[in-house]
Amino acid sequence: MSGTRKRRGTTLVELSLVIAILAMIALPFAAFVSQNLKNTMLASTQLKEQMVLEQVMQDMEKHLRSAISMNGTTPCPITFPTGGISFTSRDPQPDAASLTVIATHDYTYVLAGGLLTKTVGTNSGTFPDGLEPNMITSLTFPTGTGQQHLVAAMPPCYLTVRIEAYNAALQTTTALQKTIYLRNYTLIVDIAKILGVTAPVAGATPVTTATTAAEYTAGVTWLPVHATFAPGTPYTATITLTPTAGYTLTGVAANLFTVAGATTVRNDASSGVVTAVFPATAAAVIDIAAILGVTPPVKGATPVSTITQTAQYTGTVTWIGQMAGGKFKTKTVYTAIITITPEPGYTLTGVAANFFTVAGATTVTNAADTGVVEAEFPKT
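With our numbering applied, the sequence shown covers 811 to 1190.
Below you can see the structure in the form of structure tokens.
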């Protein structure tokens, strides 16, 4: 009886230890899962907040440029119109609350006195999604290295705008800063990578335009001129860049531009004429199987020494068998050894064994990847 009680007591102690160990493992794991969920929610929320700020910044930039009249004689700094600048922005990802407040998801803001305030809808002091904004603005000239990249008789005014939006629930701040230019100016083209022009591939049609960039459009011409790229041929593309409005090629560095797959890419300074030299396209495997110009020997005929030339290969012929005065004899078996030489752009690598044919021959053989062909003919 006492032994039974002792075993039960031992079992209870062991069970308690197991429960304690499981608790020690479960609590940190639960905390880990909880923290990861919080981090995921935080990242998702901040991404949405960033989208909101980018949309507001984009809309504000449009309205600033239209509301503040700048010309070549207006000095910086400038002053905002009385009462500030009012503009409308749209929430890029409206939540359920904003859908019930403003059906169009549009919000009106006023930029005045260094502050950006929301004036339409509930919670007029906040951005969409409960963000509380603070606006910091400054007006200045570009100077030093900043001015070297600008071409204008008079430095352009620009407004540096930083929006800081605070999320009270998460106690996090999302910020976005941008420079908004307020006077017409010209920027030097600086997108170096030219897209849409790639290494030629045999059989492909040459492109005539490059991918349009924000700073330029581009036309493309090729040398040599072919309707489709030929095999085993090097090509040179001449790419002519045309700046879009607000950009210039004056000041572009020599050899600034790059083209994928080109061995060399060159442009003169302050020029948008770009020369891109590409390696030869891959050679094509010979695929004309019928060898012409070699026919069954005829008594008294003179043996041919070459085959009929094709666009893919030329060839010489050596005859094995007795001749009479350099001519075919009667009742004689002859074998023609035909040696094929690929034309530029073609290769024998990849040619199948016993690929070629010769009219009138009893057997025609060739090893793989070779142009040595043996054609045996019946007796004359």
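By construction, the Cβ of each residue, glycine as well, lies at the ideal position given by its N, Cα and C atoms.
Just so it is clear, the structure is predicted and the values come from calculations on it, not from any experiment.
Quiz prompt | Beta-carbon separation (whole angstroms), P1113 vs P1044, contact threshold 8 Å | solution = Not confirmed; about 39 Å, so no contact.
Exercise. Please specify which runs of the beta strand (DSSP E), each continuous and at least 3 residues long, are wholly inside the region 1060–1117, giving them in chain order.
Key: 1074–1076 and 1083–1088
Practice problem: Could you tell me which of V1168, F1067 and T1159 sits nearest to A1002, measuring between CA atoms? | Solution: F1067
Quiz item: Quick one: what does DSSP say V1255 is sitting in, helix, strand or coil?
Solution: Lying before the first or after the last residue shown, residue 1255 is absent from the chain, which here runs from 811 to 1190.
Quiz item: Residue range of the beta strand (DSSP E) that G1125 falls in?
Solution: Y1123 to I1130
Quiz item: DSSP beta-bridge partners for Y1045?
Solution: F1088
Quiz item: If you follow the beta strand (DSSP E) that A1163 is part of, which residue opens it and which one closes it?
Solution: Unbroken run through A1163: none, as it is neither H nor E.
Quiz item: Starting from Y1026 and walking both ways along the beta strand (DSSP E), at which residues does that stretch end?
Solution: Y1026 to L1033
Quiz item: Should L1033 and T1050 be called a contact, given that it needs their Cβ atoms to be closer than 8 Å?
Solution: no
Quiz item: Three or more beta-carbon pairs under 8 Å between the region 1161–1176 and the region 1095–1107, yes or no?
Solution: yes
Practice problem: Count the other C-beta atoms from every protein chain shown that fall within 10 angstroms of the C-beta of N1176, then say buried if there are 16 or more, exposed otherwise. | Solution: buried
Quiz prompt | Cβ-based neighbour list, T1128, same chain, cut-off 6 Å, excluding 5 preceding and 5 following | solution = I1147
Quiz item: When the distance is taken between beta carbons, is T1015 closer than 8 Å to T1193?
Solution: Beyond the ends of the chain as shown, which are 811 and 1190, falls residue 1193; an answer cannot be given.
Quiz item: DSSP on T1142, reduced to helix/strand/coil?
Solution: coil
Quiz item: Whose C-beta lies closer than 8 Å to the C-beta of D1179 among residues of the same chain, with five residues either side of it excluded?
Solution: L1158, T1159, G1160 and V1161
Quiz item: Below 8 Å, can you find three or more Cβ-Cβ pairs linking the region 849–858 to the region 975–983?
Solution: yes
Quiz item: With C-beta atoms as the reference, is T1149 less than 8 Å away from G1181?
Solution: yes
Quiz item: With K1137 and T1190 assumed to form a contact (beta carbons below 8 Å), what rounded beta-carbon distance in angstroms separates them?
Solution: Incorrect: roughly 10 Å between the Cβ atoms, too far for contact.
Practice problem: Pick helix, strand or coil for V1174, following the three-state DSSP scheme. | Solution: strand
Quiz item: Quick one, are the C-beta atoms of I998 and T1058 less than 8 Å apart?
Solution: yes
Quiz item: If we count the other Cβ atoms within 10 Å of its Cβ and call it buried at 16 or more, is N1077 buried or exposed?
Solution: buried
Exercise. Report the rounded CA-to-CA distance for T1054 versus V1011, giving the unit in angstroms.
Key: 30 Å
Quiz item: Which class does V866 belong to by DSSP, given the choice of helix, strand or coil?
Solution: helix
Exercise. Quick one: using the 10 Å Cβ neighbour count with 16 as the cut-off for buried, is V1035 buried or exposed?
Key: exposed
Quiz prompt | Residues near P1106 in its chain [Cβ-Cβ closer than 6 Å; skip 5 each side] | solution = G1170 and F1187
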